[in-house]
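Working notes for the structure below.
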Amino acid sequence: MTSYLSVRDLVVHFPTIDGIVKATDGLSYEVERGKTLGIVGESGSGKSVSSSAILGLHRGTNAKVSGEILLDGDDLLQLNDEQMRQHRGSDVAMIFQDPLSAMHPYYTVGNQIAEAYLVHNRVGKKAARARAIEMLDRVGIPQPDRRVDDYPHQFSGGMRQRAMIAMGLINNPGLLIADEPTTALDVTVQAQILDLLQDLQREFNSAIIIITHDLGVVAEMADDVLVMYAGRAVEYGPCKEILTHPEMPYTWGLLSSVPDLSADTNAKLIPIRGNPPSLLSPPPGCAFNPRCDHRDKVPGDLCTTQVPDLTTARSGGNHVKRCHLANPDEVYATEVLPEIAPDLAKETP
Amino acid sequence: MFAYVVRRCFTGVIMLIVMSFVTYFLFFASPIDPGRFACGKSCPPALIKQTDKALGFDKPWPVQWKDFAIGVVKGRDYPEDPALRKSAPELISHCPAPCLGYSQVNLINVTTELKDKIPISVSLALVAFVMWIIGGISLGAVAALTKGSIIDRGVVGTSLVFYAFPTFWMGLFLIEFPAIKWGLVQVPSYTSIADGGVWGWLSNLFLPGLTLALFYMAGYVRITRAFVLESMSEDYLRTAKAKGLAPRKILFKHTMRAALTPIVTLAGLDLAGLLGGAIITEQVFNFNGLGKLAVDSTQTFDLPTVVGLVLLLAAFVIVANIIVDILYAVIDPRVRVG
Ligand SMILES: Nc1ncnc2c1ncn2[C@@H]1O[C@H](COP(=O)(O)OP(=O)(O)O)[C@@H](O)[C@H]1O
Ligand SMILES: [Mg+2]
Numbered sequence: 000m001t002s003y004l005s006v007r008d009l010v011v012h013f014p015t016i017d018g019i020v021k022a023t024d025g026l027s028y029e030v031e032r033g034k035t036l037g038i039v040g041e042s043g044s045g046k047s048v049s050s051s052a053i054l055g056l057h058r059g060t061n062a063k064v065s066g067e068i069l070l071d072g073d074d075l076l077q078l079n080d081e082q083m084r085q086h087r088g089s090d091v092a093m094i095f096q097d098p099l100s101a102m103h104p105y106y107t108v109g110n111q112i113a114e115a116y117l118v119h120n121r122v123g124k125k126a127a128r129a130r131a132i133e134m135l136d137r138v139g140i141p142q143p144d145r146r147v148d149d150y151p152h153q154f155s156g157g158m159r160q161r162a163m164i165a166m167g168l169i170n171n172p173g174l175l176i177a178d179e180p181t182t183a184l185d186v187t188v189q190a191q192i193l194d195l196l197q198d199l200q201r202e203f204n205s206a207i208i209i210i211t212h213d214l215g216v217v218a219e220m221a222d223d224v225l226v227m228y229a230g231r232a233v234e235y236g237p238c239k240e241i242l243t244h245p246e247m248p249y250t251w252g253l254l255s256s257v258p259d260l261s262a263d264t265n266a267k268l269i270p271i272r273g274n275p276p277s278l279l280s281p282p283p284g285c286a287f288n289p290r291c292d293h294r295d296k297v298p299g300d301l302c303t304t305q306v307p308d309l310t311t312a313r314s315g316g317n318h319v320k321r322c323h324l325a326n327p328d329e330v331y332a333t334e335v336l337p338e339i340a341p342d343l344a345k346e347t348p
Numbered sequence: 000m001f002a003y004v005v006r007r008c009f010t011g012v013i014m015l016i017v018m019s020f021v022t023y024f025l026f027f028a029s030p031i032d033p034g035r036f037a038c039g040k041s042c043p044p045a046l047i048k049q050t051d052k053a054l055g056f057d058k059p060w061p062v063q064w065k066d067f068a069i070g071v072v073k074g075r076d077y078p079e080d081p082a083l084r085k086s087a088p089e090l091i092s093h094c095p096a097p098c099l100g101y102s103q104v105n106l107i108n109v110t111t112e113l114k115d116k117i118p119i120s121v122s123l124a125l126v127a128f129v130m131w132i133i134g135g136i137s138l139g140a141v142a143a144l145t146k147g148s149i150i151d152r153g154v155v156g157t158s159l160v161f162y163a164f165p166t167f168w169m170g171l172f173l174i175e176f177p178a179i180k181w182g183l184v185q186v187p188s189y190t191s192i193a194d195g196g197v198w199g200w201l202s203n204l205f206l207p208g209l210t211l212a213l214f215y216m217a218g219y220v221r222i223t224r225a226f227v228l229e230s231m232s233e234d235y236l237r238t239a240k241a242k243g244l245a246p247r248k249i250l251f252k253h254t255m256r257a258a259l260t261p262i263v264t265l266a267g268l269d270l271a272g273l274l275g276g277a278i279i280t281e282q283v284f285n286f287n288g289l290g291k292l293a294v295d296s297t298q299t300f301d302l303p304t305v306v307g308l309v310l311l312l313a314a315f316v317i318v319a320n321i322i323v324d325i326l327y328a329v330i331d332p333r334v335r336v337g
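One line per chain: the protein sequences are A and B, in this order. Following numbering that gives the first Met the number 0, the numbering of the first sequence begins with 0 at its first residue and continues without gaps. Following numbering that gives the first Met the number 0, the numbering of the second sequence begins with 0 at its first residue and continues without gaps.
The structure is reproduced here in structure tokens:
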């Protein structure tokens, strides 16, 4: 029994004149219909590259893609270009970070939404337009029958992202990939867009992958979380589990840089020191080791010589992590949690 | 939109007035005595004076400009000299509005002179324009789609080679080989639609049109290639691809539309410049158009004709600019006003 989407050992490499950029390396995850997977990580960790591979957006470029992407049992990587095209926008849809640049400035919003419907349905322009108006209404655009003829620049940022969601969902796809859908928006609008996505998910029962660098978004939306670092999964499991018992120092770093996770007034905001690694020549061993505060707790030079395997976390279940620490749960409870959320640390002995 | 067009036309007219003023000033401030050329080489000074007077060249240039402007609006009568009119009323000839002056070299009203030549130059320019637009844009798009391949390099390289050839050489080559030696086409001589029908008109324009098109095409290949490549990296193309659109649809609807703005800019100005006459090509093919007239009138110091030509060309450029600006608004909704 496989999930609706099952990604296995996905590899996306870009050969460049300086060497191979390993933007995604051995990534595996699953998403069920009606469930949401949050993919988190700093920018440049390979979130967009790996997700674009599901739509086959690397076809026709120099990217080397391998592994398996099973959608409802079909391996998308085995399809030819025309077969892949049939899936795009119908079974799998994607919305992007900046809705202004993601829409063609010269065509009306309605035209661009209807276009997505026309490709995959044998209907006339009138019917497609009616459907576009219906979708605009559904995503909460006021006066959709008038706004359908507006150009993208006449919409506000939040409305543009709503329109992109309308475009993405117009064919009722089984999977929606939302690549940082709220990053370019005001905070108040962000919450509205996330609510809208959740509503629509309930209605259409689609699987959602939400890509973000904001754990707050993940906490609100996701059922499962995949933490990516330097093209690899470093921690993966149920959202609650990962937010309460994270076992990878990089995840700890992400948690300590989130402002209001527990509304803890004594919480300290601690940014992760250092910079994301180069994907061209990542550090040997664990890619996170140069930035890790807990390297000295691992005996020998394991951290700098050996890439840790993805192993079952101490808390068990479906929770896996990639770290050499022998007792990460204890380190988190005794050293990290008191720093970032003192109140929380006192409650849980 | 309508108000915008009216405003642009209004400023266009003002620009033309200023242009004519400046042109008058420059030409009549020059040491050339127009009467001297009108009456021949060994002309005694008294006769020169008389000619000047007859044509109104003895007046100060602002007055001459005023007469010219009145002529454009209302028409005027020649000769200018009131004494001459009285003594020889049979000499009076009327130059109807829009009167651009009287060519004392060709003994004809400038307006009439231009009217005869305009169809020739305009036909040539339009035929060349259609050829280079179709050729340039499609080759540029092909080059962009095959970027880095042999086809790309071949297209860009060949277009540059044609650009590097002087037009007189290309024109002579086309007359000499395809027309004379190989007999594929007849040696062109301008035939109006009224005389030769559409086919006769078009077939005689083919070689000179091609000469110009090959020269102009290089710019269009490059600009199309550059902008198609640029728009291929745009986010909205990724969206179009993610929707599942067919590659053909993505190219024609999404990519090419974005490349249209720079092409329209270039095309408008190139065409406007060419409408005023292709000087070299008209000489080579012996087409009696505006370009040839420009060369002849400068050589004979036929100032009224030169002024008329300058203003006509300026009008072409101004009108082309207005059309280009209107097209911007048609192409790009963000430019639309009110
Ligand atoms: N076409 C490409 N050629 C080479 N490197 C690329 C290409 N596309 C993306 N990359 C690299 O892949 C890495 C991951 O990018 P991306 O997936 O966009 O990160 P993010 O997690 O911020 O979405 C980046 O370092 C980027 O430079
Ligand atoms: Mg990204």
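Note that CB positions come from ideal geometry on N, CA and C, so glycine has one too. If you're wondering where the values come from, they're calculated on a predicted model, not measured in any experiment.
Query	Result
Residue 114 of chain A: contacting residues in chain B (beta-carbon distance under 9 Å)	239, 242, 244, 248, 252
Any C-beta of chain B under 8 Å from that of residue 353 of chain A	What is shown of chain A runs 0 to 348, which leaves residue 353 of chain A out entirely.
Helix, strand or coil at residue 142 of chain B [DSSP, three-state]	helix
Supposed contact pair residue 117 of chain A and residue 127 of chain A - C-beta distance, whole angstroms, cut 8 Å	5 Å
Chain B contact residues for residue 196 of chain A, given Cβ-Cβ distances below 9 Å	The contacting residues do not exist; residue 196 of chain A stays about 17 Å from chain B at best.
Distance, residue 222 of chain A Cα to residue 270 of chain A Cα	25 Å
Residue-chain proximity (residue 102 of chain A, chain B), Cβ-Cβ < 8 Å	yes
Selected residue, minimal CA-CA separation from residue 68 of chain A, among A:185, A:29, A:246	A:29
Ligand 1 site residues, beta-carbon cut 5 Å against heavy atoms	A:13, A:20, A:22, A:42, A:43, A:44, A:45, A:46, A:47, A:48, A:278
Helix, strand or coil at residue 24 of chain A according to DSSP, with G and I counted as helix	strand
With 16 other Cβ atoms within 10 Å as the buried cut-off, status of residue 337 of chain B	Confidence at residue 337 of chain B is low in this model, with a pLDDT of 49, below 50, so the placement of that residue should be treated as unreliable; the coordinate-derived value is given next. The residue is exposed, with fewer than 16 neighbouring Cβ atoms inside 10 Å.
Alpha carbon of residue 39 of chain A to alpha carbon of residue 234 of chain A, nearest angstrom	10 Å
Cβ separation of residue 103 of chain A and residue 111 of chain A, assumed to be a contact under 8 Å, to the nearest whole Å	6 Å
Coarse secondary structure for residue 71 of chain A, derived from DSSP in three states	coil
Classification of residue 213 of chain B by the beta-carbon crowding that lies within 10 angstroms, buried from 16 upward	buried
Listed by chain order, chain B residues near residue 93 of chain A by CB distance under 7 Å	241
Cβ-Cβ distance between residue 140 of chain B and residue 283 of chain B below 8 Å	no
Neighbourhood of residue 73 of chain B by C-beta distance below 7 Å, restricted to the same chain and skipping five residues each side	96
Within-8 Å CB hit, residue 88 of chain A to chain E	Chain labels in this structure do not include chain E; the protein chains are A and B.
Three CB pairs or more closer than 8 Å across the segment 1-19 of chain A and the segment 56-74 of chain A	yes
Touching by the beta-carbon criterion (3+ pairs, under 8 Å), the segment 285-300 of chain B and the segment 258-277 of chain B	yes
Residue 170 of chain B burial status per 10 Å Cβ neighbour count (16 or more: buried)	buried
Validate contact between the segment 163-179 of chain A and the segment 73-92 of chain A using beta carbons, cut 8 Å, 3 pairs	yes
Beta-carbon proximity list for residue 291 of chain A, same chain, < 6 Å, skipping 5 on both sides	248
Proximity below 8 Å, CB of residue 322 of chain B to CB of residue 11 of chain B	no
Own chain partners of residue 273 of chain B with C-beta closer than 6 Å, once the 5 adjacent residues on each side are dropped	124
Whole runs of the beta strand (DSSP E) within the segment 49-117 of chain B, excluding any shorter than 3 residues	75-77, 92-94
Whole-angstrom distance between residue 216 of chain B and residue 159 of chain B, CA atom to CA atom	9 Å
Of the residues B:202, B:209, B:328, B:246, the one placed nearest residue 162 of chain B, counting alpha carbons only	B:209
Integer Cβ distance of residue 325 of chain B from residue 4 of chain B, believed to fall under 8 Å	6 Å
Chain A within 8 Å of residue 352 of chain B, Cβ atoms only	This structure cannot settle anything about residue 352 of chain B, because the visible part of chain B is limited to 0 through 337.
Spatial neighbours of residue 121 of chain B in its chain, beta-carbon cut-off 7 Å, leaving aside the 5 residues before and after	274
beta-carbon residue 178 of chain A near ligand 2 non-hydrogen atom, thresh 7 Å	yes
DSSP-derived helix/strand/coil call for residue 13 of chain A	strand
Contact check, residue 188 of chain B vs residue 200 of chain B, beta carbons under 8 Å	no
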